[in-house]
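The C-terminal residue of the sequence shown carries number 309 in full-length UniProt numbering, and the numbering is unbroken.
Have a look at the structure below, then the notes.
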Amino acid sequence: MSFSFAGFSQNTAIQGYKIDGDFIVFTFDKREYERGTHHKTQEKLDFDDFNIEKVVVAGNFNNWSRKKWKMVKIDANIYQLKKKITDFDEDFNWEFKFVVNNDFWAEPSENTVNISPSQTWFGAKLDTYNLRILPVQISEKGNAKFFLDGYKNAKEVILSGSFNRWDEQLYKMKKTANGWSLNLNLKPNYYEYKFIVDGKWIEDPINPNKAINEFGEYNSVFSIKKEVTFLLENFKDAKEIILAGSFNNWSETDYKMTKTANGWIFTTQLSGGKHHYKFIVDGNWYLDPSNSIKEYDGSGNINSVKMVK
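In structure tokens:
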């Protein structure tokens, strides 16, 4: 496992949506589809034969309604619908399709990266696909680059981990001259993962960090961190100020803050989640006066709390 901010190009783009800040923007472009399937008769028509009057987004987030989420026509080819991410539940296991004229399901190509096999209400698989909203974004500028060296004769390598609920199909890696690669855009957090090479699960051979799993085997692990700056205003006459917290084992010497015109600062890399901290001003411990979020630790001490997302 290696990390890189270098660009990485995917052969196939994510289809049907994009994440724009706090919104999901669903986008139907008829040029991306060749056929549609009638919801009752299963009749299939070429998209060249359609006179499109309306397009609707239907998915497991709206009980697959073919009428509720009507899209807005942008031009002759494109329809869009913008929804807040908070409109969805937190499971992030969302699948959807576009419905043309309330009757025909637009069928995505099997080469689309974010597809999932369609199923009946009883769980039987169909010969068509749904589009899927990825729990983690595949991105050219992703902050985590996964690379598996070798395996030149492998037919398929899948990246599976805690960041995608251990999905065994969704994140297909791209074959390169030296191995297999994929870039993801991950939030600061601790993650576990494995590679699936032609159906066989393997650890990352170049990542020495591992954690035992429920099967008595090992997962590869890593942590994405975020740059965080701590600022303590005033205390202009202090000789020395130390930042101590759960992130540095409450060291009273390691994180010496720098005096500036605005106060004392220290910048470090923190993993996602909750971090307790205090300032040590010339030997005296202080809470952060500019941070109202405080919490008791297991020893009964009250600390300031920094949340990293």
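Ideal Cβ positions, reconstructed from N, Cα and C, are used throughout, including at glycine.
Can the beta-carbon of residue i be found closer than 8 angstroms to that of residue j?
{"i": "valine 56", "j": "tryptophan 64", "result": "no"}
{"i": "leucine 134", "j": "methionine 173", "result": "no"}
{"i": "aspartate 22", "j": "isoleucine 85", "result": "yes"}
{"i": "residue 310", "j": "glycine 36", "result": "In the structure as shown, the chain begins at 1 and stops at 309. Residue 310 is therefore absent and cannot be evaluated."}
{"i": "aspartate 198", "j": "alanine 244", "result": "no"}
{"i": "isoleucine 224", "j": "asparagine 183", "result": "no"}
{"i": "alanine 106", "j": "tyrosine 33", "result": "yes"}
{"i": "lysine 309", "j": "glycine 272", "result": "yes"}
Just tell me which of the options has its CA closest to the CA of residue i.
{"i": "valine 100", "options": "Asn93, Ile78, Glu252 and Ile224", "result": "Ile78"}
{"i": "alanine 211", "options": "Trp180, Glu233, Arg35 and Ser162", "result": "Ser162"}
{"i": "residue 311", "options": "Phe230, Gly273 and Lys274", "result": "It is not possible to answer for residue 311, since the shown part of the chain is limited to 1 through 309."}
{"i": "isoleucine 24", "options": "Lys83, Asn153 and Glu107", "result": "Lys83"}
{"i": "asparagine 178", "options": "Gly59, Tyr151 and Val305", "result": "Tyr151"}
{"i": "isoleucine 241", "options": "Ile224, Asn209, Lys226 and Tyr286", "result": "Tyr286"}
{"i": "aspartate 103", "options": "Lys309, Lys141 and Glu43", "result": "Glu43"}
{"i": "glycine 16", "options": "Asn60, Ala76, Thr112 and Asp87", "result": "Thr112"}
{"i": "methionine 71", "options": "Ile19, Asp29 and Ser116", "result": "Asp29"}
Could you give the distance in angstroms between the alpha-carbon of residue i and the alpha-carbon of residue j?
{"i": "isoleucine 302", "j": "tyrosine 296", "result": "4 angstroms"}
{"i": "asparagine 234", "j": "aspartate 167", "result": "50 angstroms"}
{"i": "valine 228", "j": "tyrosine 193", "result": "26 angstroms"}
{"i": "lysine 145", "j": "asparagine 130", "result": "27 angstroms"}
{"i": "aspartate 204", "j": "leucine 270", "result": "24 angstroms"}
{"i": "lysine 67", "j": "isoleucine 202", "result": "45 angstroms"}
{"i": "phenylalanine 47", "j": "lysine 73", "result": "17 angstroms"}
{"i": "tryptophan 250", "j": "leucine 186", "result": "27 angstroms"}
{"i": "phenylalanine 3", "j": "serine 220", "result": "Per-residue confidence for phenylalanine 3 stands at a pLDDT of 34, beneath the threshold of 50, marking its modelled position as unreliable; the derived number appears in the next sentence. Roughly 14 angstroms separates the two Cα atoms."}
{"i": "valine 281", "j": "serine 160", "result": "46 angstroms"}
{"i": "histidine 38", "j": "glutamate 214", "result": "44 angstroms"}
Mind checking residue i: buried by the 16 CB within 10 Å criterion, or exposed?
{"i": "lysine 256", "result": "exposed"}
{"i": "methionine 307", "result": "exposed"}
{"i": "tyrosine 290", "result": "The displayed chain sequence assigns serine, not tyrosine, to residue 290. Its Cβ having fewer than 16 others within 10 Å, serine 290 is exposed."}
{"i": "glycine 7", "result": "Because the pLDDT of glycine 7 is 27, which lies under 50, any placement of that residue in the model is unreliable, and the question is left without a value."}
{"i": "glutamate 53", "result": "exposed"}
{"i": "serine 299", "result": "exposed"}
{"i": "phenylalanine 5", "result": "Low confidence applies here, because phenylalanine 5 scores a pLDDT of 26, under 50, leaving its location unreliable; read the following figure in that light. Counting Cβ neighbours within 10 Å, phenylalanine 5 comes out exposed, since fewer than 16 surround it."}
{"i": "phenylalanine 222", "result": "buried"}
{"i": "alanine 58", "result": "buried"}
Any beta carbon of chain C sitting closer than 8 angstroms to that of residue i?
{"i": "lysine 44", "result": "Reference to chain C is not applicable here, since this structure consists of a single protein chain."}
- Item | Complete beta strand (DSSP E) runs within the region 126-153 (minimum length 3 residues, chain order) | 144-149
- List in chain order: all unbroken beta strand (DSSP E) runs of 3+ residues lying wholly within the region 159-197. 179-185 and 189-197
- Task: List in chain order: all unbroken beta strand (DSSP E) runs of 3+ residues lying wholly within the region 54-100.
- Result: 55-59, 78-84 and 95-100
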